[in-house]
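> Letter by letter, the sequence shown follows residues 52 to 307 in my numbering.
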Amino acid sequence: MTDKQDLQNLLIEINSIDEADIKKPAIPFEIYIYEAERLYTRASEDLPKLTALNMPANLIDNLRMRTNALRKAQLNWVELNNDKKKANADWKAAKPELLKFHKELIQSFQFAFRNNEVAMQKLSKIKKGKSMDDMLMDLCSLSVLGKDNSKLLEAINFDLSLLDRAAETSERMAKVKANKNGRLYFQDDMLVIRNKAYTLLKECVDEVRKYGQFAFADQPNIAQAYASKYRREKQREYLNKKKLETSDHETNTTTY
C-alpha cells in the first residue's frame with residue numbers, strides 16, 4: 052500500500068483528533084519519520100519477544116501505516132509550502148511592473164480626455180480605488196474606457212494595443228493573486244493534517260518504545276534502539292558543552 056493510500060485510509064482517524072490534543076515534535080519531522088521507520092524495522096525483528104509481553108498484535112502494523120501517512124502528509128506540506136513561495140514570488144516580481152503600467156495608463160488617459168468631461172468623470176471613478184484588487188479591476192475598466200474613447204487616445208498617438216494588454220494583465224494577475232491567497236488558506240488545512248498525523252504516529256511510537264525498552268532492559272545496546280538517536284545525540288552535545296563550560300570556568304577561576 053502506498054503512502055498516499057495509508058494517509059487516505061487514516062484521514063478519518065487523523066481528523067478526529069482535537070486540535071487541543073495536537074502534539075508538537077521536539078525534533079525535525081524528517082528525522083522523526085526516519086526514526087519511526089527504523090523503529091518499525093527493529094520491532095519487526097524483535098516481534099517474538101515483544102508479543103511475549105502481550106503487545107497488541109496490530110501495534111506494529113499501525114506503526115507502519117501511520118509512518119507512511121505522516122511521510123505523505125509532510126511531503127504534501129513541503130510541496131504546498133514550495134508552491135506558496137513560488138506564488139508569492141510570482142506576485143512580488145510582477146507587482147512593480149503592474150503598478151507602473153497602471154500609472155502610465157492613468158496619465159495617458161488624463162491627458163487624452165482632458166477636454167472631455169464625461170470621459171474624465173468615468174476616469175475619476177476608476178481612480179478612486181486604492182487596493183491591489185481595485186487596481187486589477189482598474190486595468191479591466193481602463194481597457195473598456197479606452198476602447199470607448201479610442202479616437203481621443205489616437206489623437207495623442209497612444210498605442211491602442213495597450214488596451215488589450217490591460218485587459219489581459221488584469222485577468223492574468225487576478226489569477227496570480229488568487230493563487231497566492233488561495234494557497235494561504237489551503238496551507239492551514241495541510242498543516243493541521245500534518246500535525247495531527249504526527250500526533251497519531253507519536254502515540255504508536257511511544258508505545259512500541261516502551262515495550263522495547265522493557266523487553267531489553269538488561270541489554271542496553273538493543274534497548275537504545277527503542278529511543279530517539281537524535282535526542283540522545285543532542286543530549287550528549289548539551290552535556291559536553293556544559294562540561295566544557297564548567298572546565299573553562301574552573302580554569303578562569305584558578306587563573307584569577
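Don't be surprised by glycine CBs; every beta carbon is placed ideally from N, CA and C. Computed from a prediction, not measured in an experiment: that's the story for all the values here.
(1) Hey, K253 and W142: beta-carbon distance below 9 Å or not?
(2) What's the gap between the Cα of I273 and the Cα of A87?
(3) Do you know whose CA, among N109, K285, A77, D189, lies nearest K173's CA?
(4) Just to confirm my understanding: we take N246, look at its own chain, exclude 5 residues before and 5 after, and list those with CB closer than 6 Å. What are they?
(5) Considering only C-alpha positions, which residue in the set L114, E64, D199, I207 is nearest to Y83?
(6) Can you confirm whether the segment 217 to 231 touches the segment 128 to 143 when touching is taken to mean that 3 or more C-beta pairs between the two stretches lie within less than 8 Å?
(7) Between the alpha carbons of I244 and D134, how many angstroms are there, rounded?
(8) With distances taken between CB atoms, is the gap from S194 to A218 smaller than 9 Å?
(9) So, helix, strand or coil for L211, using DSSP?
(10) Can you give me the Cβ contacts of K178 inside the same chain, cut-off strictly under 8 Å, excluding the 5 residues immediately before and after it?
(11) Roughly how many angstroms separate the alpha carbons of F265 and K280, rounded to a whole number?
(12) If we require 3 or more residues per run, which beta strand (DSSP E) segments fall completely within the segment 133 to 174?
(13) Taking V259 as the reference, give the member of K100, N60, P76, I63 with the closest Cα.
(14) Using the rule of at least 16 other Cβ atoms within 10 Å of the residue's Cβ for burial, across every protein chain shown, is D97 buried or exposed?
(15) If I'm right that P79 touches Y249 with Cβ under 8 Å, what's the distance once you round it to whole angstroms?
(16) Are at least three pairs of beta-carbons, each pair with one atom in the segment 208 to 217 and one in the segment 148 to 163, less than 8 Å apart?
(17) Measure the CB-CB distance between M241 and N127 and report whether it falls below 9 Å.
Working from what's here:
(1) no
(2) 16 Å
(3) D189
(4) I73
(5) Y83 has its Cα closest to that of L114, out of L114, E64, D199, I207.
(6) yes
(7) 18 Å
(8) yes
(9) Reduced to three states, the DSSP call for L211 is coil.
(10) I157, D189
(11) The alpha-carbon atoms of F265 and K280 are separated by roughly 18 Å.
(12) none
(13) K100
(14) buried
(15) About 11 Å separates the beta carbons of P79 and Y249, which is beyond the 8 Å limit, so they are not a contact pair.
(16) Taking a cut-off of 8 Å on C-beta distances, the segment 208 to 217 touches the segment 148 to 163, as three or more cross pairs fall below it.
(17) In this structure, N127 lies closer than 9 Å to M241 by Cβ.
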